[in-house]
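**Q** Residue numbers (the working numbering): 2 to 103. In this text, a Cβ means the ideal position worked out from N, Cα and C, and glycines have one as well.
1) Taking C-beta to C-beta, are residue 5 and residue 14 nearer than 8 Å?
2) Answer yes or no: does any C-beta atom of chain D fall closer than 8 Å to that of residue 6?
3) How far does the alpha helix (DSSP H) with residue 50 in it reach, from first residue to last?
4) Rounding to the nearest angstrom, what Cα-Cα distance links residue 60 and residue 19 in this structure?
5) Tell me whether residue 29 sits in a helix, a strand or coil according to DSSP, three-state version.
6) Going by C-alpha distance, which of 48, 22, 58 and 27 is nearest residue 38?
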């Protein structure tokens, strides 16, 4: 993402209302989750047999839905994970001291 694209994204986010902001964050989390799932599935295609891959995918869905109760990926579902990178850092925005800069 270029500096101009980051700046344009930041400007769009700044104009969002409360509900629109959280909808946008949920969309970003969903897209990131789906991308990660695609990476793992592609890796499993290389290393595992189709039967093993199906078992891993089924178990991952079981863990996500039954153990964690996450049927839809959202900020609320991923907020407890301390390993997620803050969205502002992902887009190259430094928001320390309450002031956001590129």
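**A** A quick look at the data gives this:
1) no
2) Structure shown: chain D not included; a single protein chain is present.
3) Neither: residue 50 is in no alpha helix (DSSP H) and is coded neither H nor E.
4) 35 Å
5) helix
6) 58
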